[in-house]
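Chains as they are written, first to last, in UniProt numbering: chain A, 1 to 226; chain B, 1 to 228. Each residue gets a CB set at the ideal place from its N, CA and C atoms; glycine is no exception. Here the structure is a predicted model, which is why all the values come from computation and not from measurement.
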Amino acid sequence: MSVVNDTIDWFSDSAHWSGEDGVPHRLVQHLGYTGLTVVIAAAIAIPIGLWIGHTGRLRGLAVVSSGVLRALPTLGVLTYASLFTGIGIKAAIFTLVLLAIPPLLAGAYAGLESVDRQTIDAARAIGMTEWQVLTKVEAPLALPLIVGGFRSATLQVVATATVAAFVPGPGGLGRYLIDGLALSDYPRVVAGSVVVIVLALILDGIFVLIQRAVLGSRPALSPTSA
Amino acid sequence: MKWLNANWDKVIDLLLDHLWLSGLPILLGFLIALPIGWYANRHRRLRGFILSVSGILYTIPSLAFFLILPSIIGTGFLDPINVVVALTVYAVAIMVRSSADAFESVAPAVLDAATASGFSAVGRAFRVELPLAGPVLLAGLRVVAVSTVSLVSVGALIGVSNLGSLFTEGYRTDNNPEILTGVVGIVAVALLFDALLVLAGRLLMPWVRAARTPTRAPISVRLRSGRA
Numbered sequence: 001m002s003v004v005n006d007t008i009d010w011f012s013d014s015a016h017w018s019g020e021d022g023v024p025h026r027l028v029q030h031l032g033y034t035g036l037t038v039v040i041a042a043a044i045a046i047p048i049g050l051w052i053g054h055t056g057r058l059r060g061l062a063v064v065s066s067g068v069l070r071a072l073p074t075l076g077v078l079t080y081a082s083l084f085t086g087i088g089i090k091a092a093i094f095t096l097v098l099l100a101i102p103p104l105l106a107g108a109y110a111g112l113e114s115v116d117r118q119t120i121d122a123a124r125a126i127g128m129t130e131w132q133v134l135t136k137v138e139a140p141l142a143l144p145l146i147v148g149g150f151r152s153a154t155l156q157v158v159a160t161a162t163v164a165a166f167v168p169g170p171g172g173l174g175r176y177l178i179d180g181l182a183l184s185d186y187p188r189v190v191a192g193s194v195v196v197i198v199l200a201l202i203l204d205g206i207f208v209l210i211q212r213a214v215l216g217s218r219p220a221l222s223p224t225s226a
Numbered sequence: 001m002k003w004l005n006a007n008w009d010k011v012i013d014l015l016l017d018h019l020w021l022s023g024l025p026i027l028l029g030f031l032i033a034l035p036i037g038w039y040a041n042r043h044r045r046l047r048g049f050i051l052s053v054s055g056i057l058y059t060i061p062s063l064a065f066f067l068i069l070p071s072i073i074g075t076g077f078l079d080p081i082n083v084v085v086a087l088t089v090y091a092v093a094i095m096v097r098s099s100a101d102a103f104e105s106v107a108p109a110v111l112d113a114a115t116a117s118g119f120s121a122v123g124r125a126f127r128v129e130l131p132l133a134g135p136v137l138l139a140g141l142r143v144v145a146v147s148t149v150s151l152v153s154v155g156a157l158i159g160v161s162n163l164g165s166l167f168t169e170g171y172r173t174d175n176n177p178e179i180l181t182g183v184v185g186i187v188a189v190a191l192l193f194d195a196l197l198v199l200a201g202r203l204l205m206p207w208v209r210a211a212r213t214p215t216r217a218p219i220s221v222r223l224r225s226g227r228a
């Protein structure tokens, strides 16, 4: 049980709570990467996903390309990209964006697909333009699945940002894991892992609350993504 | 190609490591999740609880999971067992939801008919429910396979050798072809497992081919797959 005691000691050392290498700073960095990545990925994936879902076109392409993106090993993409971009954060952000796109895309187009055709036909019949159908009918009804996409994307990025620390440049919580391993400083490794796991669980919990809020008055439409 | 030609032996060794490190968790995950999913579907009140727990398990970041397992199960820090256990937990987490959905997709009337025609509870589970749940189970298993194959590579960071080792080594030695070999190798293993599962599905469920549309994994599973 010495690992547990060592880890508790690590956490109670005030030196680990301040400065560049402190938990708060690393945590904010980690969240910063996550936020930036998800925003970039959403800016790419959400419009495409909505377009595919609304028009029904290129659906096969979306399924296949997100399948391929999923099979790509993140660590390989990261190391390959960083040989080109050099030391820095660029390769990590690029890789994380690539990883975050499939769930966001799937959430958007599957969300629109899940909307009852009759509802859409009714919206058209009462004279809504295509844009109104999309923004006033389809998107709101698809919201639970779209939020589900954000939830998966965010959690995947939080997890993978840890792996991204393998390349020098990115800070974040992964530094504790990768640097600690390199130095055989196991208390640091375990403490870093605990912080990452707790962060992931808290973020997931927040998304559960958001999904509940989004469902709000529509309990009948059960959240297929949980 | 030059690098690959000169390093075939090494790549083959890493490939074999990769195959067992990913194959074992896929198999174990399926075998463990199947009864849990079946049970969750039978007991509605427990269903939500079981699915929540599996969801929480899947939330744990992989690298952190690999590194924290030794203090929980008492293995060595760099032991391949940590990778196998963590990946099995993820496989179970995805597959429990998939199999609960799969058993749910079996029409209650069919089950009543089976009972009426004299199937015992066990016989009904194995000879009626399981085959009918098959297509959805297969869809979930394919997702598990692809994500497991990809996740094994993270194990290279803790020194467990597999095709992901080509990434860590290639990065240190500034060797593009080596990294590329790893990426292509892992995608190939993922496609191989996927093809084997599809083939197994055709052999075990010849009647499914008649259906036009391929069964897809539930959206919850599709949203979540693919991570590190």
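Every unbroken alpha helix (DSSP H) within the stretch 29-105 of chain B, with a cutoff of 4 residues, ordered by chain: 44-59, 62-73 and 80-104
Given B:Val-136 as reference, the closest of B:Ala-116, B:Pro-108, B:Asp-101 and B:Ala-125 once Cα atoms are compared: B:Asp-101
Cα separation between B:Leu-28 and B:Trp-8? 30 Å
Partners in chain A for B:Asn-176, counting only beta-carbon separations shorter than 9 Å: Tyr-80, Leu-83 and Phe-84
Give me the chain A residues within the contact set of B:Val-183, using Cβ-Cβ distance strictly less than 8 Å, ordered along the chain. Leu-72, Pro-73, Gly-76, Val-77 and Tyr-80
Applying the criterion that 16 or more other CB atoms from any shown protein chain within 10 Å of the CB defines a buried residue, is B:Arg-97 buried or exposed? buried
Who are the Cβ neighbours of A:Glu-113 in its own chain at under 7 Å, not counting the five residues just before and after it? Gly-53
Quick check: what's the CA-CA separation for A:Ser-193 versus A:Ala-62? 34 Å
Show which residues of chain E have a CB atom less than 8 Å away from the CB atom of B:Ile-73. The question asks about chain E, but that chain is absent: this structure's protein chains are A and B.
From A:Gly-171, A:Gln-118 and A:Ser-82, residue whose alpha carbon lies closest to that of B:Arg-172: A:Ser-82
Can you find a C-beta in chain B that's less than 8 Å from the C-beta of A:Phe-11? no
Using DSSP with H/G/I as helix, E/B as strand and the rest coil, what is B:Ser-161? coil
Pick helix, strand or coil for A:Gly-35, following the three-state DSSP scheme. helix
Flag this pair as touching only if the stretch 75-88 of chain B and the stretch 201-215 of chain A have three or more C-beta atom pairs under 8 Å; answer yes or no. no
Our contact map puts B:Gly-140 next to B:Val-152 with C-beta atoms below 8 Å; I'd like the distance itself, whole angstroms only. About 19 Å separates the two Cβ atoms, so there is no contact after all.
For B:His-43, does the count of other Cβ atoms within 10 angstroms reach 16, so buried, or fall short, so exposed? exposed
Is there a Cβ of chain B sitting closer than 8 Å to that of A:Ser-65, yes or no? no
Would you identify the three-state DSSP class for A:Asp-21, choosing helix, strand or coil? coil
So, with DSSP's three-state summary, where would you put A:Ala-15? helix
Compute the distance between the beta-carbons of A:Arg-26 and A:Tyr-176, then report whether it is under 8 Å. yes
Buried versus exposed call for B:Ser-54 [16 or more other C-beta atoms within 10 Å across all chains shown]: buried
Please state whether DSSP places B:Ile-186 in a helix, a strand or coil. helix
Any Cβ of chain A within less than 8 Å of the Cβ of B:Val-187? yes
For A:Val-39, collect the residues of the same chain with a Cβ closer than 6 Å to its Cβ; drop the 5 residues on either side in sequence, then sort them by chain order. none
Minimum C-alpha distance to B:Val-149 - residue among A:Val-28, A:Ile-44 and A:Arg-70: A:Arg-70
Use the C-beta contact count for A:Gln-29: other C-beta atoms within 10 angstroms, 16 or more gives buried, fewer gives exposed. buried
DSSP three-state call for B:Ile-12: helix, strand or coil? helix
Own chain residues within Cβ distance below 7 Å of A:Ala-106, not counting five before or after: Ser-66 and Gly-149
A:Gly-76 burial status per 10 Å Cβ neighbour count (16 or more: buried): buried
Compare the beta carbon distance of A:Val-163 and A:Thr-34 with 8 Å and say whether it is the shorter of the two. no
Can you tell me whether DSSP reads A:Pro-102 as helix, strand or coil? helix
Where B:Asn-5 sits in the DSSP three-state scheme: helix
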